[in-house]
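This report refers to the structure that appears directly beneath it.
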Amino acid sequence: MTALSPDSTLDAIRREIDLIDDQILDLLGRRFAATNRVRATKAKDGSIASSPLRPAREAAMLRRLIAQGGDTVAPDVLVRLWRVILSASTQAQAPITLHLDAAAAGDLEARLMIGEHFCAMEVARHDGPQQALEALRARRGDLAILATRSDWTVGFAPDEDGGPKVIGILPVISRSNEPRLLVFGYAEPQESGDDETLLISKEPPAGHAWASWQSTAGSRTLTGVPGFHRPDSPLIRELSSRLPGTCVAGRYPRPIKVSS
Numbered sequence: 017m018t019a020l021s022p023d024s025t026l027d028a029i030r031r032e033i034d035l036i037d038d039q040i041l042d043l044l045g046r047r048f049a050a051t052n053r054v055r056a057t058k059a060k061d062g063s064i065a066s067s068p069l070r071p072a073r074e075a076a077m078l079r080r081l082i083a084q085g086g087d088t089v090a091p092d093v094l095v096r097l098w099r100v101i102l103s104a105s106t107q108a109q110a111p112i113t114l115h116l117d118a119a120a121a122g123d124l125e126a127r128l129m130i131g132e133h134f135c136a137m138e139v140a141r142h143d144g145p146q147q148a149l150e151a152l153r154a155r156r157g158d159l160a161i162l163a164t165r166s167d168w169t170v171g172f173a174p175d176e177d178g179g180p181k182v183i184g185i186l187p188v189i190s191r192s193n194e195p196r197l198l199v200f201g202y203a204e205p206q207e208s209g210d211d212e213t214l215l216i217s218k219e220p221p222a223g224h225a226w227a228s229w230q231s232t233a234g235s236r237t238l239t240g241v242p243g244f245h246r247p248d249s250p251l252i253r254e255l256s257s258r259l260p261g262t263c264v265a266g267r268y269p270r271p272i273k274v275s276s
């Protein structure tokens with residue numbers, strides 16, 4: 017029996033890879049066709065008017081895929097691949113501009129993180145966080161992305177006042193509970209199964225063992241509270257009574273934790 021030469025074996029593997037690539041392309045076409053049907057449905061029920069984004073669904077999807085991928089596909093690779101698909105699907109539903117302040121726009125690491133997550137979405141640069149949020153108020157389907165520790169809390173409206181709120185964080189995979197960047201928008205908050213509520217207060221809540229992280233933004237204290245808490249929930253009511261001026265800045269999926 018004549019053994020196969022290394023070249024012929026390699027050719028067979030390459031043909032297999034080409035076949036797999038063809039199948040991936042076909043599946044992508046089917047997925048984008050399904051996205052078009054989602055866009056048509058949202059256009060009919062009006063849900064696309066505020067934002068085409070669904071952070072909770074995206075987070076739940078990524079967690080499910082990471083769990084299914086196991087050791088086959090590294091979580092960071094999987095997230096990068098699916099973020100390209102999800103960003104393209106979102107842009108197909110409605111164009112989105114990302115509003116950054118000068119600090120975030122000038123931070124190379126932050127810009128790389130934003131570019132990796134939101135891919136080809138258009139970026140608009142503003143002088144400060146307030147200007148970025150004001151631009152978002154004028155175009156409610158867009159997003160504002162600001163550094164967690166910047167002074168964005170100046171003049172921030174309470175959760176029930178109908179202004180932009182924190183709907184997501186970056187990075188989405190992190191060993192740290194405190195996010196590097198906050199994503200603001202008008203997407204209706206929904207539970208993803210593992211969420212966090214962001215509070216703003218004039219001073220740190222005492223006895224905050226229940227907090228997952230705490231930091232400052234300008235003159236205000238930020239506290240991340242595990243769970244999806246609405247402004248009228250018992251915990252928020254209790255904190256507001258003890259610390260007048262405490263308000264909910266938003267709710268978002270918690271960062272995905274993966275074992276190294």
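Residue numbering for the sequence shown is 17 to 276, as defined by the numbering used here.
Ideal placement from N, C-alpha and C gives every residue a C-beta, glycine not left out.
Pull up the distance between the alpha-carbon of residue i and that of residue j, whole angstroms please.
| i | j | result |
| --- | --- | --- |
| Val89 | Arg253 | 43 Å |
| Val54 | Leu44 | 15 Å |
| Arg70 | Leu149 | 20 Å |
| Glu219 | Gly240 | 14 Å |
| Ala173 | Gly179 | 6 Å |
| Asp87 | Leu186 | 24 Å |
| Gly261 | Val182 | 18 Å |
| Met129 | Leu259 | 35 Å |
| Cys135 | Leu97 | 11 Å |
| Leu35 | Leu41 | 10 Å |
| Arg30 | Ser24 | 10 Å |
| Tyr202 | Gly157 | 7 Å |
| Gly131 | Ala227 | 30 Å |
| Arg79 | Glu138 | 27 Å |
| Glu125 | Glu32 | 38 Å |
| Gln230 | Phe200 | 19 Å |
| Asp9 | Leu26 | Because residue 9 is not part of the residues shown, which for the chain are 17 to 276, the question remains open. |
| Glu194 | Pro247 | 21 Å |
| Ala151 | Asp123 | 20 Å |
| Arg153 | Gln84 | 39 Å |
| Ser14 | Asp210 | The structure shown has nothing for residue 14, since the chain only spans 17 to 276. |
| Ser235 | Arg46 | 50 Å |
| Ala28 | Arg191 | 41 Å |
Which residues does DSSP list as the beta-bridge partners of residue i?
| i | result |
| --- | --- |
| His115 | Ala140, Ala160 |
| Leu214 | Gly240, Gly266 |
| Ser231 | Leu238 |
| Ile185 | Leu198 |
Flag this pair as yes or no: are the beta carbons of residue i and residue j separated by less than 8 Å?
| i | j | result |
| --- | --- | --- |
| Leu197 | Leu238 | no |
| Pro269 | Ile189 | no |
| Leu255 | Pro205 | no |
| Pro250 | Glu212 | no |
| Gly184 | Gln146 | no |
| Leu114 | Leu159 | yes |
| His133 | Arg155 | no |
Between which residues of its own chain and residue i is the CB-CB distance below 7 Å, once the five residues before and five after are set aside?
| i | result |
| --- | --- |
| Thr106 | Pro68, Leu69, Ile112 |
| Arg141 | Leu116, Ala118, Ala121 |
| Leu102 | Glu74 |
| Ala72 | Gln206, Glu207, Ser208, Pro269 |
Where does residue i sit, in a helix, a strand or coil, going by DSSP?
| i | result |
| --- | --- |
| Phe200 | strand |
| Pro269 | strand |
| Leu149 | helix |
| Trp98 | helix |
| Ala72 | helix |
| Thr88 | coil |
| Ser93 | Note that residue 93 is Val in the sequence shown here, rather than Ser. In the structure shown, Val93 sits in a helix (DSSP, three-state: H, G or I). |
| Gly45 | helix |
| His133 | helix |
| Pro250 | helix |
| Ala121 | helix |
| Arg80 | helix |
| Ser105 | helix |
| Ala110 | coil |
| Asn285 | The structure shown does not extend to residue 285, since the chain spans only 17 to 276, so no value can be given for it. |
Examine chain B for any beta-carbon lying closer than 8 Å to the beta-carbon of residue i, and answer yes or no.
| i | result |
| --- | --- |
| Asp92 | Absent from the structure: chain B. Only one protein chain is present. |
Closer than 6 Å by C-beta to residue i: which residues in its own chain qualify, once you throw out the five before and the five after it? Chain order, please.
| i | result |
| --- | --- |
| Met17 | Any answer about Met17 is weak, because its pLDDT of 47 lies below 50 and its placement is not dependable; what the coordinates show is given next. Once the five neighbours on either side are set aside, Met17 has no close Cβ partner at all. |
| Ala75 | Ser208, Pro269 |
Can you give me the Cβ contacts of residue i inside the same chain, cut-off strictly under 8 Å, excluding the 5 residues immediately before and after it?
| i | result |
| --- | --- |
| Ala233 | Thr164, Arg165, Ser166, Asp167, Trp168, Thr169, Ile216 |
| Phe48 | Ala104, Ser105, Ala108 |
| Ile82 | Pro91, Leu94, Val95, Ile272, Val274 |
| His245 | Thr213, Leu251, Ile252, Val264, Arg267 |
| Asp143 | Asp117, Ala118 |
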